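Report on the following structure.
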Amino acid sequence: MTVYRLTAIAFCIFLMLLSAVTLPARERRALLVGIGEYPAESEWTLVHGDNDVRIIREFLLGQGVKAECIETVTNEKATKKGILSALERLANTARKGDVVYIHFSGHGQQVTDLDGDEEDGFDEAWVPYDARKKYVAGVYEGENHIIDDEINVCLKKLRAKVGAKGRITLVSDACHSGSGSRGLGDDEYFRGTDEKFILPSGSPHRSGRSNTVEWLFIGACKSYQTNYELKAPDGKFYGCLSYVIADSEVDLSAVPYTDVLAQWAEALEEVARYPQEIDAEGTASRESNKIF
């Protein structure tokens, strides 16, 4: 073998080692948003989304997510601006191949669709800390609701950052309906409302929705069901889905997400006080069947 060939081989090996050293490792990142007690003027009832954040954070730490890679936004910090800013930071920080987990726990509500992209005429919305339940002209006109169109814009930016090999999971322990047929006792709380947020014609349009779901969405219940909280053995209230996720021992990096969802669905059926089924849409990523 000639000296030239040996030099070429050595140079190739050097380049391979250099690339292995300089390529950033895939990072696991998370954003957890939870709201418990909304301001009195909002007319939203008490829930315990802030409790969910604590147990989900512990679960993610057990899944290998670094503490410094988990951002939590709770209660008065979980305004519309606070939530969207956190999503923006997440997208700015994410790199190609990263794994991202986003969790929202709080109220949800349907809002008049102004873009014509919803078959039923209503967008789904997260209810931040500074969002009110009812439209009042000149006082509150829905500007602080975060509709699915806006969430999708954030997620599409995140998808562009993590690329096809990156993984994005969005969990929503909220509800866009709420049963008014049951009287709530001292130990019953549910998230959401049957009362839709109706915008008058002529309201400013908010667009950006994409019909292509490029991430895995996991909801706490079907659109026609109510998302009730449960009282855990520690005496605290949690969202049923959040509790099931935090209590599971599944390895999200080893078990296919379809099997993970089946396990969570079975556990949810066991702990839910009333009929409640996981609502899932999309896939964990374009090239993987794992959540992590």
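Residue 37 is where the sequence shown starts when you use our numbering, and the numbers rise one by one after that. By construction, the Cβ of each residue, glycine as well, lies at the ideal position given by its N, Cα and C atoms. Values in this document were obtained by computation on a predicted structure and should not be read as measured data.
For A122, which residues in the same chain have their Cβ closer than 8 Å to its Cβ, ignoring the five residues on either side in sequence?
L67, V69, E107 and V109
Quick one: Cα of E104 to Cα of Y137, how far?
14 Å
Might you give, ordered along the chain, the residues of its own chain that have their beta carbon closer than 8 Å to the beta carbon of L235, omitting 5 neighbours on each side?
V147, T148, L150, Y171, E177 and G178
For D315 and R265, the rounded distance between their alpha carbons
The question names Arg, but residue 265 is Glu in the sequence shown. If I take the Cα positions, the gap works out to 16 Å.
For H139, which beta-bridge partners are listed by DSSP?
L68 and V207
Tell me which same chain residues have a C-beta within less than 8 Å of the C-beta of G118, skipping the five on either side of it?
V109, P164 and Y165
How would you write the range of the beta strand (DSSP E) that T108 sits in, first residue to last?
I106 to T110
Which one of R309, R203, E160 and A210 has the shortest CA to CA distance from I187?
E160
Output the distance between the C-alpha atoms of F226 and L297, rounded to the nearest integer angstrom.
22 Å
I need the DSSP call for K116, collapsed to helix, strand or coil.
helix
Helix or strand or just coil, what does DSSP make of Y274?
strand
Can you give me the start and stop residues for the beta strand (DSSP E) that D223 sits inside?
Per DSSP, D223 belongs to no beta strand (DSSP E) and is neither H nor E.
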